[in-house]
Structures are given as structure tokens and as C-alpha cells.
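Take a look at the structure set out below.
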Amino acid sequence: MKILGIETSCDETSAGIIQVDEKTLSITLLSNIVATSLTLHAKTGGIIPEMAAREQIKYILPVIHEALKKADITSKELDSIAVTCGPGLIGSLLVGVETARTLSILWNKPLIPINHLFGHIYANFIQSDKKIPQFSDFPAIAVLISGAHTDLVLMENIYKTTWLGGTRDDAAGEAFDKIGRMLGLAYPAGPEIEQIAKNGNPKAFHFPRPLAYDGSFDFSFSGLKTAVLREVEKIEKPGELNENTIADICRCAQDAICDVIISKAISAAQKYNAKMILLGGGVSASKTLFESFQERLIKDGMDTKLFAPARNLSTDNGAMIAAAGYFMNTPLPWQEITADPELYFD
Ligand code: KG4
Ligand code: ZN
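First residue of the sequence shown? That's 2 in our numbering, and the numbers climb one at a time after it.
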């Protein structure tokens, strides 16, 4: 079975094709093309929605064409099309949804509407050496950590999910990006903070870990951001915010963010006897987070399996939407598929 996934919820324009082998229970990535208008946004320090959508209109057809070419198939060989319907920026979502609706009519293919958030979770199973999860692999805790979201979700099985909690203010990735901005780093700052933090002293600053141990599954990162800002403002003399201080701030802020995510996810996994923890979203590209997480599971004597998507599948991409299309295979008539910027977990 071959599925085309289309993703345009934010600044990326992406089309990916996966092949599902139901005999070996595996998903192979045939192609995953991502065009981004990030360099435009890096200059402004954030995304300007109208500019993102205008770029996406230019990219969408060439990106889909390239995905078919790279997968070495024609549209005739596709079994279905999956498209992100939300959440996201309305102008951006419309580009993907309208293109997918048109192609489903032209190519006569079933069209599957996808919640972007589930795409990040199912990205975990795109890899031919990973088995598609079975009922016996659940319950699982999904940890969605992106630029716009921080959520913990209980998955009793593939189809039954319950939202446990999420951020009350900034998302985890947003915290990385805002802290990066204070330090003069380009947007999105998460990957650069991870690199710079390697040279930082973990004891140089003690940043707060808001709500980390309050027993809830809620998150809050705005206090951390303010604490970092206070430290940056204290450094008054030019040249004092030098490479070493920046590395220390990156290290200590990253430790605080990772600590909160790991603590919350582990308490949820313990409460619900989770067999798997599935990380997803841009922040799950952090190797530092994955390694610290794995260490904590070992330290706490837990045998819960930890998964994170391959690095190129952590940030927004079409293949993860195709994977979600396989797991949540509920095609609808094209007239019923619309963009919904506010879509969330049920
Ligand atoms: O999932 P994503 O591509 O877009 C949204 O749906 O929001 O996530 C982007 C976010 C950005 O905030 C970026 O800073 C963060 O993911 N990110 C990271 C890393 N790589 C990307 N954060 C921390 N460490 C990383 N290595
Ligand atoms: Zn995303």
C-alpha cells in the first residue's frame, strides 16, 4: 500500500510517500520532500503567516511532483492521499487541503483528513526495521513537543487517545526559540542551543522547572523564559554576554526544559503502566533529550520503551502525515474535508 502525505500547516511545504507492507508489518519511506521558507523567517525572528502561505502556493506542486519522482512511482500507483487539516495557520493549511482535494478528484484517490498532531506521533513508525505497533504494545504515552505544542496523550491503543495535559503558556520549542532570540541566535533556535549547550557548565545557573513536580500533567515555560531574560539583563557590560556565558545559559535552560518534559512523561507512564513512550514534534529531534530520557528510565528501573522519530521526521514533513493516514484510515468525500486551524486532541 502506498500513501502520499501532504503537510502545509506552518512554514514547511512537504509531500512524502510511504509504502506499508502488511506482511512484514513495516513502513518504508519512499520519499519525503520538504521545502521551507525558513530563511525568510530567520530574518524576522518568527513566521509571518501571509508570507508563508504565498511561498507554499509556489512550492506545493513542484514538491508533490518531486516526491513522486524520488519514490519512482506515478500517481496511478498511489492508494490514497492524506492531508493535514489542522491545527495550523489558516492560509498555509488551505494550500495543502485545496491541493489535496483537487488531486483526489483528478487522480480518483481516497482522501484522508489528518490531525497534524497525530502525524508527529506516527512518525515514530516510519522505518522498515521498526514494526508497526500492535494492540499488545499499548498503552503508550505520546509526548508531543513542538514549536506550537506541548502535550501528553494517553494512547490506550492506536484508535483510543485521551489528552492528559499540556502547556498553559509557551510550548517547549517556543521556549527554546524565545531564549535563543534573547541570546541573539537565529530562529528556530532549538538545534543551535543543543550544539552550543555542549560547551556549557550545567551548574552556572539554576533555572526554574515550573510545575515539574506538582502532580499534574500541565506544563508552563514562561517563567523559565523570564528567568533567562532576568539573567541576560543583569549582564550589562558589552562583551559580558560572551560565548562562555551563552553556552552556560543554553546548557542550563536546556536542562530545565528537558527535566520538566522527562519528569512529566515518566509520571504519566508510571500512572498508566505505559509500555511505550512516543516522542514527537520538532523538539524530539534533540539527541540530548533522548539520551537524558533513556538514562532516567534506566535510573527509575523502568522497562518502558522509548521511541523518537528519525531526525528528519521529527520536524514537520509529509511522510508523517502519510503514516497517520495509514493508522487513521478514515477517508471522507472531498466536500467534507476542510482546513481547521483550531483542530486539537478530542
Ligand atoms: O514540529 P515542528 O517542526 O513545528 C511545529 O509544528 O511547531 O517544531 C519546530 C520546533 C522549533 O521550536 C525548534 O526550535 C524545535 O522544534 N527544535 C528543537 C530541536 N530541533 C528543533 N528544539 C530543541 N532541540 C533540538 N535539537
Ligand atoms: Zn509540527
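Beta carbons: idealized from backbone N, C-alpha and C, even for Gly. If you're wondering where the values come from, they're calculated on a predicted model, not measured in any experiment.
Of the residues A269, N200, K272, the one whose Cα lies closest to the Cα of N243 is N200. Assigned with DSSP and collapsed to three states, G92 falls in helix.
With a cutoff of 8 angstroms, C259 does not count as near the ligand ZN, since its C-beta is closer than that to no heavy atom of the ligand.
Scanning Q135, A270, P310, N330 for the CA closest to the CA of D301 turns up A270. Residues of the same chain with a CB within less than 6 angstroms of the CB of D171, apart from the 5 flanking positions on each side, are F222, S223 in chain order. Sequence-distant Cβ neighbours of P332 in its own chain, meaning closer than 7 angstroms and more than five residues away, are S81, P111, L112, I113. For S10, no pairing in a beta bridge is given by DSSP. At least one heavy atom of the ligand KG4 lies closer than 8 angstroms to the C-beta of S315.
The beta carbon of F126 sits closer than 7 angstroms to those of I28, I133, P134, A324, all from its chain and outside the five residues before and after it, given in chain order. Put simply, the backbone Cα of N33 is about 6 angstroms away from that of A68.
By the criterion of a C-beta distance shorter than 8 angstroms, I236 is surrounded in its chain by L242, T246, once the five residues flanking it on both sides are discounted.
For a cut-off of 8 angstroms, the C-beta gap from A176 to K238 is around 27 angstroms, too long to register as a contact. Taking 8 angstroms as the cut-off, one finds no heavy atom of the ligand KG4 near enough to the beta carbon of A36. A Cβ-Cβ separation of about 7 angstroms places N274 in contact with P140 under the 8 angstroms criterion. Using a C-beta cut-off of 8 angstroms, the stretch 313-323 makes contact with the stretch 283-299, since at least three inter-stretch Cβ pairs fall below that distance.
Ranked by Cα distance from Y123, the first of L104, L145, S217, S137 is L145. Cβ contact annotation for Y160 (same chain, cutoff 7 angstroms, sequence separation greater than five): none. For L344, the distance from the CB to the nearest heavy atom of the ligand KG4 is not below 8 angstroms. Around the beta carbon of Q255, 16 or more other beta carbons lie within 10 angstroms, which makes this residue buried.
Distance from the Cα of H66 is smallest, within the candidate group L90, T100, S38, for T100. Rounded to whole angstroms, the Cβ separation of I48 and A173 is 17 angstroms, and the two are not in contact under 8 angstroms. When secondary structure is reduced to three states using DSSP, D138 falls in the helix class. Between the ligand KG4 and P50, a heavy atom-to-CB distance of less than 8 angstroms is absent.
Where K306 is concerned, the enclosing beta strand (DSSP E) starts and stops at 306-308.
At least one heavy atom of the ligand KG4 falls within 8 angstroms of the beta-carbon of G283. Separation of S268 and S147 (C-alpha to C-alpha, rounded to the nearest whole angstrom) is 20 angstroms. The C-beta separation of G282 from F220 comes to about 13 angstroms, leaving the pair out of contact by the 8 angstroms criterion. For D301, the three-state secondary structure derived from DSSP is coil. By the neighbour-count definition (other C-beta atoms within 10 Å, threshold 16), K59 is an exposed residue. With a cut-off of 8 angstroms, the C-beta of C251 is classified as distant from the ligand ZN, since no heavy atom of the ligand falls inside that distance. Between the alpha carbons of R231 and P203 lies a gap of roughly 18 angstroms. Counting C-beta atoms within 10 angstroms of its own C-beta, H207 has fewer than 16 neighbours from the protein chains shown and is therefore classed as exposed. If only complete runs of 4 or more residues are kept, the stretch 58-117 shows the alpha helix (DSSP H) at 91-108, in order along the chain. The beta-bridge partner set that DSSP reports for K132 consists of S27. If you check the CB distance, A72 and I18 come in under 9 angstroms.
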